[in-house]
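K.L.:
In order, the protein sequences belong to chains A and B.
Following my numbering, the numbering of the first sequence begins with 1 at its first residue and continues without gaps.
Following my numbering, the numbering of the second sequence begins with 336 at its first residue and continues without gaps.
We treat Cβ as the ideally placed atom computed from N, Cα and C, and that holds for glycine.
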Amino acid sequence: MNILERPATGALVPPLLVPPLLVLAAAAPPFLLGPYAVSTLTQILAFSLMVMSIVLLMGIAGVPTIGQAGFFGVGGYVTALLAGHLTTSAPTLLVISAAAGALVAAATGWLLVRVRGTYVLMLTLAIGELLALVAIARVSLTGGSDGLANIPALTLLPGVTLRHIAVVYWYIAGAVLLMAALIALLIRSPFGRALRGVRDNEPRMRALGYSTALYKYAAFTVSGAFAGVAGSLWVTQTLFISPSDMSFHTSALALLALIVGGSQSLWGAVAGSALIIVAQNMLPISMQGLGPLVLGVVLVVVVYTLPDGFAGIRNPLRRRPPAAVTAEPLRKERV
Amino acid sequence: MSVATQWFDANLITVINGLAYGLLLYTLAVGLSLVFGMLNLLNLAHGTLFLAGAYVAAVVVAPSGAWLSWVLALSIALAVGALAGVGLTTMTRLLTRRGHMAEALLTLGISLAGSSLLLWIFGADVRSVPAPAGLDGSVTILGNPYPVYRLVLIGFGLLIALLAEVILERTMMGAVVRAIVADADIVSTLGIDTRKILYGVLAVGSALAVVAGVLGGPMLGAAPGLDGHVLLIALVVVVIGGMGSARGALIGGLLIGQVQTLGTALAPEVAPFLIFGAMALVLVVRPHGLLGRAEATT
Chain A
1 MNILERPATG ALVPPLLVPP LLVLAAAAPP FLLGPYAVST LTQILAFSLM
51 VMSIVLLMGI AGVPTIGQAG FFGVGGYVTA LLAGHLTTSA PTLLVISAAA
101 GALVAAATGW LLVRVRGTYV LMLTLAIGEL LALVAIARVS LTGGSDGLAN
151 IPALTLLPGV TLRHIAVVYW YIAGAVLLMA ALIALLIRSP FGRALRGVRD
201 NEPRMRALGY STALYKYAAF TVSGAFAGVA GSLWVTQTLF ISPSDMSFHT
251 SALALLALIV GGSQSLWGAV AGSALIIVAQ NMLPISMQGL GPLVLGVVLV
301 VVVYTLPDGF AGIRNPLRRR PPAAVTAEPL RKERV
Chain B
336 MSVATQWFDA NLITVINGLA YGLLLYTLAV GLSLVFGMLN LLNLAHGTLF
386 LAGAYVAAVV VAPSGAWLSW VLALSIALAV GALAGVGLTT MTRLLTRRGH
436 MAEALLTLGI SLAGSSLLLW IFGADVRSVP APAGLDGSVT ILGNPYPVYR
486 LVLIGFGLLI ALLAEVILER TMMGAVVRAI VADADIVSTL GIDTRKILYG
536 VLAVGSALAV VAGVLGGPML GAAPGLDGHV LLIALVVVVI GGMGSARGAL
586 IGGLLIGQVQ TLGTALAPEV APFLIFGAMA LVLVVRPHGL LGRAEATT
């Protein structure tokens, strides 16, 4: 490929070199940073995958959601429960969690595509909260509101236990990188383009012969699978899960990360998650109980001051798709 | 005696409980539904208002449940709710051009901050509220003692339903509210100041939510987490009834009241699934809720 022929996009490195550089950069932290920083980084990456699943659903497909933590929790609980009873193989549990997330999303998502506008928001919230309610009510299985604590350490391969902070980091970073690449491919595929079409102008897509409900359903299911994987990775690190991990509060954190990072950028998802997790960990002990208060106030401030998140103010000269794409079509429906 | 009457005898108390709970849900959900229909605004702070009302009752109502303390609690609830409603309208008006998600995130932030403040002020303990003096006894229904207060709750809920019906269906102002639910833009082209109505409905709706919190105090108490729980159920009530419809909220409230109480009494294992099942069932048959308008759906 002749680099000179490429349009001047301002990229610093040829695109072919990006993946190896990315892998190298992702593998480096355990050599350079202390254990606390590495485990924080692991947390950030696992969380950012859930935010990426919302990017796919909300930023690309235009389906608003405030219940994504429900599927995150499904993946987490499946991993936690099966680790004790079936297998401790982390990759196997990851695949099962993805399947479980997709299954629960598929079982509930058909309701979503039947309604539109603010109804969708309400239904996602109801679905997420009901999943959390199930986790609280099924005490014998899930430990109720105390959660599940005695999760055995998972294994990467037979004989390789995910116990050392660096090994856990590499496994999770690798998995998140792989999933992010999958999501990026999905976004660029014809399927992703069709989703953007549905987001920007659903009636026209329908007129063109696309079954828009089916596309939204598929987006919801796939996004549920990715959220399930995120939950599995989260539990792989923390070895603990409770209903609060799948509640309102966690969804709000993810949404805050999303709007801070800009709703259509996978990089923004990581940056937003980093900001949220670091800020949360840095909150002084005396204020731990007031976490939701700080979160709420920040959410209100961000909604007013950063319409496109930090991704929106980073480069005002770059041409972006219209900022209000997720909101505008919904508004028009009223007319 | 037929099987049906036998069943009814055995479960009558549960059914009456469901009626009281359902009408409480209606009081909570009617404002949410109207605001939803008029502004397309998903007010996630609604549950927080309910919890605030429950705490008002827990603090203000004297341990003896004296009448005066109840009147005081209800007055405070009305004032707090109306003020909060006006504040909410002002805050969301600034975001109208930014769409539903921005508005929902705003109310999500407010509800998180509000709940956290309530937790900080009142602590994590479960607080109970005594029934008003004179109404804290019980009457005998079919040989079973039944708390009088719940019957009063039923009466109160029916009164609010009647008031809403008369105001919305029989007055000019109610006609304007219904017109705004149908098409706000057309109404404003007729020279009607829709803003005043919006402020009014959000103020009344929020006041009703706080009042529902006070009234529900003797039944549900006041504790952290109650806000999210009642918000979820109120949302289900609105989805079932159809947004923007007060009658829909009444039907949805009564239905979910029965599903919740009968479900918990007869099949506690599957009770959480039952409300979801009821909602799914309604949405399959009528995607825009029982009394909702088709415009909101595909």
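1) Do A98(A) and A227(A) count as a contact pair if the criterion is CB distance below 7 Å?
2) Suppose you measure from the CA of G627(B) to the CA of S580(B); what does that come to, to the nearest Å?
3) Between the stretch 40 to 53 of chain A and the stretch 266 to 275 of chain A, are three or more C-beta pairs nearer than 8 Å?
4) Do you know offhand how far P482(B)'s Cα is from L625(B)'s?
5) What in chain B is Cβ-close to A100(A), meaning under 9 Å?
6) At a Cβ cut of 9 Å, what residues of the stretch 568 to 583 of chain B count as close to chain A, listed as they run along the chain?
7) Which term fits A252(A), buried or exposed, when burial requires 16 or more other beta carbons within 10 angstroms of its beta carbon?
8) Using a Cβ-Cβ cutoff of less than 6 Å, which residues in the same chain neighbour R314(A) once the five nearest sequence positions on both sides are dropped?
9) Give the DSSP-derived three-state secondary structure of A557(B) in the structure shown.
10) Identify the contact partners of P607(B) in chain C, using a Cβ-Cβ distance below 7 Å as the criterion.
11) Whether or not the stretch 442 to 456 of chain B and the stretch 372 to 389 of chain B are in contact is what I'm after, with contact meaning three or more pairs of Cβ atoms, one per stretch, closer than 8 Å; do they touch?
12) Determine whether the beta carbon atoms of L634(B) and A355(B) lie at a separation below 7 Å.
13) Taking DSSP as the reference, what is the three-state secondary structure of T88(A)?
14) Give every residue of the same chain whose Cβ lies closer than 7 Å to the Cβ of A468(B), excluding the five residues on either side of it in the sequence, and list them in chain order.
15) List, from N- to C-terminal side, the beta strand (DSSP E) runs of 3 residues or more that fit wholly inside the stretch 155 to 189 of chain A.
16) Determine which residues share a DSSP beta bridge with I476(B) and list them.
17) Given a limit of 9 Å on CB to CB distance, which residues of the stretch 218 to 249 of chain A reach chain B?
18) Helix, strand or coil: which one does DSSP assign to I313(A)?
19) Between L497(B) and L503(B), what straight-line distance do the alpha-carbon atoms span, to the nearest angstrom?
20) Three-state secondary structure (DSSP) at V536(B)?
21) To the nearest angstrom, how far is the alpha carbon of L525(B) from that of G422(B)?
22) List, in order along the chain, the chain B residues whose C-beta lies closer than 9 Å to that of I66(A)?
23) Within the 7 Å Cβ cut-off, does P559(B) reach chain A?
24) Find the residues of chain A that neighbour M508(B), judging by a C-beta separation of less than 9 Å, and give them in chain order.
25) For V338(B), does the three-state DSSP call read helix, strand or coil?
26) At a CB-CB cut-off below 7 Å, which residues of chain A make contact with M373(B)?
27) Counting Cβ pairs, one atom from each stretch, are 3 or more of them under 8 Å apart for the stretch 593 to 601 of chain B and the stretch 129 to 139 of chain A?
28) In angstroms, rounded to a whole number, what distance separates the CA positions of L283(A) and G587(B)?
29) Kindly indicate which three-state DSSP category I348(B) falls into: helix, strand or coil?
30) Give the DSSP-derived three-state secondary structure of V115(A) in the structure shown.
31) Using a beta-carbon distance cut-off of less than 8 Å, what residues from the stretch 186 to 206 of chain A approach chain B?
32) Please check if any C-beta of chain B sits within less than 7 Å of the C-beta of R163(A).
33) So that I know if they touch, is there some Cβ in chain A lying closer than 7 Å to that of L626(B)?
34) Quick one: is M282(A) near chain B, going by C-beta distance under 7 Å?
35) Just tell me which of T424(B), L429(B), F457(B) and P553(B) has its CA closest to the CA of L305(A).
36) Taking beta-carbon pairs under 8 Å, can you tell me which members of the stretch 76 to 88 of chain A lie near chain B?
P.N.:
The relevant details are as follows:
1) no
2) The alpha-carbon atoms of G627(B) and S580(B) are separated by roughly 7 Å.
3) Two segments are said to touch when three or more pairs of C-beta atoms, one from each, lie closer than 8 Å; by this definition the stretch 40 to 53 of chain A touches the stretch 266 to 275 of chain A.
4) 32 Å
5) Chain B residues near A100(A): none, gap ~17 Å exceeds 9 Å.
6) L570, V571, V573, V574 and M578
7) buried
8) Residue confidence is low: R314(A) scores 45 on pLDDT, short of 50, so the model does not pin down where it sits. Its coordinate-derived value is still stated next. Nothing listed; no residue qualifies.
9) strand
10) The chain inventory of the structure shown lacks chain C, comprising the protein chains A and B.
11) Three or more beta-carbon pairs separated by less than 8 Å link the stretch 372 to 389 of chain B to the stretch 442 to 456 of chain B, which places the two stretches in contact.
12) Past the boundaries of the shown model lies residue 634(B); chain B is included only from 336 to 633, so the question cannot be answered.
13) Correct three-state label for T88(A): coil.
14) S399, G400, A401 and W402
15) 155 to 157
16) N479(B)
17) For the stretch 218 to 249 of chain A, which is checked against every Cβ of chain B, the residues closer than 9 Å are S247, F248 and H249.
18) Because the pLDDT at I313(A) is just 49, under 50, the model does not fix this residue reliably, and the value given afterwards should be weighed accordingly. Residue state, collapsed to three classes: helix.
19) 10 Å
20) In the structure shown, V536(B) sits in a helix (DSSP, three-state: H, G or I).
21) Each residue's Cα considered, the two are about 27 Å apart.
22) What I66(A) touches in chain B, judged by beta-carbon distance under 9 Å, is L377, L379, M436, A439, L440 and L443, going in chain order.
23) For P559(B), no CB of chain A lies under 7 Å from its own CB, so it is not counted at the interface with that chain.
24) Within 9 Å Cβ-Cβ: nothing; M508(B) doesn't reach chain A, min ~22 Å.
25) helix
26) Correct list: empty, because the minimum Cβ distance to chain A is about 11 Å.
27) The stretch 593 to 601 of chain B vs the stretch 129 to 139 of chain A: no contact.
28) 42 Å
29) helix
30) strand
31) none
32) no
33) no
34) no
35) Going by the sequence as given, residue 305(A) is Thr instead of Leu. Looking at the Cα atoms, L429(B) is the closest of the given residues.
36) Residues of the stretch 76 to 88 of chain A with a Cβ closer than 8 Å to any Cβ of chain B: none.
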